[in-house]
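Just below is one structure, and these are the notes that go with it.
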Amino acid sequence: MSSSFFHCQTHKVPGQHIRHYAHSTAHDQHATFYIHVKQYTPLDNLKPEAGDVTIIATHASGVPKEAYEPVWDELLASSRRCGKYKIRNIFIVDSHNQGASGRLNKDIMGNDPSWFDSARDLLAVVNHLRDDMVQPIFGFGHSFGGNVLVQTALLHPRLFSALALADPTLIYDPAQSDFSPVTYIAQRRETWPSRDAARASFSKKSIYALWDPRAFENWITYGLIENDDGSVSLATSASQEVLMYGRASHPAAGEPLSSFCAASGRHSEMKPELEGKLPFYRPEGYLVFNNLPHLQPGVNYIYPLKKTTVVCKPEHQIIRHKITGTGLGGSGGLNAGRVDFHNVDGGHFFPLEKPAETAEIVNEYYAAEVSNFKRLQMENERLWKNRPVEQRSTIDNDYVYFAKNYKQYKPGQRVQAKI
Numbered sequence: 001m002s003s004s005f006f007h008c009q010t011h012k013v014p015g016q017h018i019r020h021y022a023h024s025t026a027h028d029q030h031a032t033f034y035i036h037v038k039q040y041t042p043l044d045n046l047k048p049e050a051g052d053v054t055i056i057a058t059h060a061s062g063v064p065k066e067a068y069e070p071v072w073d074e075l076l077a078s079s080r081r082c083g084k085y086k087i088r089n090i091f092i093v094d095s096h097n098q099g100a101s102g103r104l105n106k107d108i109m110g111n112d113p114s115w116f117d118s119a120r121d122l123l124a125v126v127n128h129l130r131d132d133m134v135q136p137i138f139g140f141g142h143s144f145g146g147n148v149l150v151q152t153a154l155l156h157p158r159l160f161s162a163l164a165l166a167d168p169t170l171i172y173d174p175a176q177s178d179f180s181p182v183t184y185i186a187q188r189r190e191t192w193p194s195r196d197a198a199r200a201s202f203s204k205k206s207i208y209a210l211w212d213p214r215a216f217e218n219w220i221t222y223g224l225i226e227n228d229d230g231s232v233s234l235a236t237s238a239s240q241e242v243l244m245y246g247r248a249s250h251p252a253a254g255e256p257l258s259s260f261c262a263a264s265g266r267h268s269e270m271k272p273e274l275e276g277k278l279p280f281y282r283p284e285g286y287l288v289f290n291n292l293p294h295l296q297p298g299v300n301y302i303y304p305l306k307k308t309t310v311v312c313k314p315e316h317q318i319i320r321h322k323i324t325g326t327g328l329g330g331s332g333g334l335n336a337g338r339v340d341f342h343n344v345d346g347g348h349f350f351p352l353e354k355p356a357e358t359a360e361i362v363n364e365y366y367a368a369e370v371s372n373f374k375r376l377q378m379e380n381e382r383l384w385k386n387r388p389v390e391q392r393s394t395i396d397n398d399y400v401y402f403a404k405n406y407k408q409y410k411p412g413q414r415v416q417a418k419i
């Protein structure tokens, strides 16, 4: 149980101002969304030292952030055993329309959420809690949350030193996107007469039956909210969960799908060849995939061996590995040793099924990345060491030399050979 190993705090943080889509808000475009954050500080490291690791985590859509507590418990134990680093803090947020965040924003939410807002919200959390956001900062993101972490790293390339991504939703070919979960979620039951009745109902479902008992109990505790009459309902409404899976790209019910016409501006991120072909789309999966070459942090992709959803086909995983970090501003990718990948014997929800196995892979990766961070930090300090503090905000003689002689280096300028 996390409270046995961590001091737990919660925070209410204002998210990104002005949302990505106009109908993300129900009334006022300037409404303030709040993000519910949970902070875990190891009880044996309440006075952290320089170099201790900060972890920022993001959840899969529809999963309350507390369901990942078994992963943190196991990761803390693994880090203690390996002895190569200490955890300073773990932060995890609920997406603005899910879990505890969803309850904070229930009166202002619209019906058009965007994953892009989730990344901006995460950056807002980092800025708000900056005193505890100390480098090195590592990320852990699952499914939708993996996409959000990559987005955040693209927005702020030097924020994260490394990302552990558990079956992240990064789509190579949007035409092959699998929207089958919308069928179940749009019609799912949302209320039960009691928490015990809900527990009995969920325990019969194959997905939850595979979860670690600790994760399942946290799902029952935090994934459900109690109503005034004693009944319980989903903490994340079925509507808000399903809207995160598929954005509407369909005509009125009964009309042929081919009659759908993408509205200018409203559907500007939709690929033209998909118009009138699929009733739903989500642009973030493929737009973020296409920006993987520019990803600066190191990445460890962790995949399930049992494919319960089509998040990324094996052949597309290979493409993902090859392009990550290879572009301008990127890490250097595979050839530079900045991309790794592992498998866990489980389904798409393997962090909740196999928290110990997941944590062990993440721990080994973080331990290696701590060494890499320290190496880079020493190099940066070496470059500053012999430069007086008062000169660290001014140009040096080398800069002045090239500034004076810029004309001979100006693009298109012929350089005169010296005789």
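Following full-length UniProt numbering, the numbering of the sequence shown begins with 1 at its first residue and continues without gaps. For each residue, glycine too, the CB sits at the ideal point set by N, CA and C.
Under the three-state reduction of DSSP output, Val339 falls in the strand class. When C-alpha distances from Asp112 are compared across Ala248, Ala77, Gly346, the shortest belongs to Ala248.
A distance of 8 Å or more separates the beta carbons of Pro174 and Tyr245. With fewer than 16 other Cβ atoms from the protein chains shown falling within 10 Å of its own Cβ, Pro14 counts as exposed.
Its Cα nearest to that of Pro157, the residue Gly327 stands out among Val311, Ile395, Gly327, Glu49. Sorting Asp73, Gln39, Lys47, Arg338 by C-alpha distance to the C-alpha of Phe5 places Asp73 at the top. His267 and Leu278 have their C-alpha atoms spaced approximately 13 Å apart.
For Ser233, the enclosing beta strand (DSSP E) has its first and last residue at 232 to 234. DSSP, reduced to helix, strand and coil, places Ala119 within a helical segment of the structure shown. For Glu269, the three-state secondary structure derived from DSSP is coil.
Secondary structure at Thr41: strand, using DSSP grouped into helix, strand and coil. Excluding five sequence positions before and after Lys354, the CB atoms of its chain that fall closer than 8 Å to its own CB belong to Asp212, Val344, Asp345, Gly346, given in chain order. By a beta-carbon distance limit of 8 Å, Leu155 contacts Ala119. Their separation comes to about 6 Å.
Scanning Thr10, Gln29, His7, Gln9 for the CA closest to the CA of Gln16 turns up Gln29.
Ser203 is not a Cβ neighbour of Ser231, given a cutoff of 8 Å. Residue Ile55 holds the alpha-carbon nearest to the alpha-carbon of Leu76 among Ala60, Val63, Ile55, Glu66.
For Phe144 against Thr169, the beta-carbon gap comes to about 5 Å, under 8 Å, which counts as contact. Shown here for Gly333: same chain residues with a beta carbon closer than 7 Å to its own, the five before and five after excluded, namely Thr324, Gly325, Thr326, Val339 in chain order. DSSP, read as helix, strand or coil, puts Met133 in coil. CA-CA distance, Val125 to Asp132, rounds to 11 Å.
CA-CA distance, Ala50 to Glu390, rounds to 25 Å.
Note that the segment 84 to 100 does not touch the segment 386 to 403; fewer than 3 beta-carbon pairs, one per stretch, sit closer than 8 Å. Nearest to Asp52 by C-alpha distance, out of Ala198, Trp219, Thr41, is Thr41. Each of Ala162, Ala67, Asp44 was checked against the Cα of Trp219, and the nearest Cα belongs to Ala67. The alpha-carbon of Ile35 is positioned some 11 Å away from that of Asp117. Annotation: the continuous alpha helix (DSSP H) that includes Cys82 extends over 69 to 82. Of all alpha-carbon atoms in Gly146, Val134, Ala252, Ala26, the one lying nearest the alpha-carbon of Asn300 is that of Gly146. Between Pro64 and Ala235, the beta carbon gap of about 6 Å places them in contact (Cβ cut-off 8 Å). In the structure shown, Gly298 adopts extended strand secondary structure according to DSSP, grouped into three states. Note on Pro136: 16 or more other CB atoms within 10 angstroms of its CB, so buried under the neighbour-count rule. Counted as a single uninterrupted DSSP element, the beta strand (DSSP E) harbouring Ile56 occupies residues 53 to 58. Annotation for Arg88: the continuous beta strand (DSSP E) segment containing it runs 87 to 93.
Here DSSP, grouped into helix, strand and coil, assigns Thr191 to strand. For Ala197, the closest of Phe373, Ser233, Ile395 by C-alpha to C-alpha distance is Ser233.
By the Cβ-count criterion, Ser239 is exposed, with fewer than 16 other Cβ atoms from all chains shown falling within 10 Å of its own Cβ.
Residue environment: Met378 is assigned as exposed (fewer than 16 neighbouring CB atoms within 10 Å of its CB, all protein chains considered).
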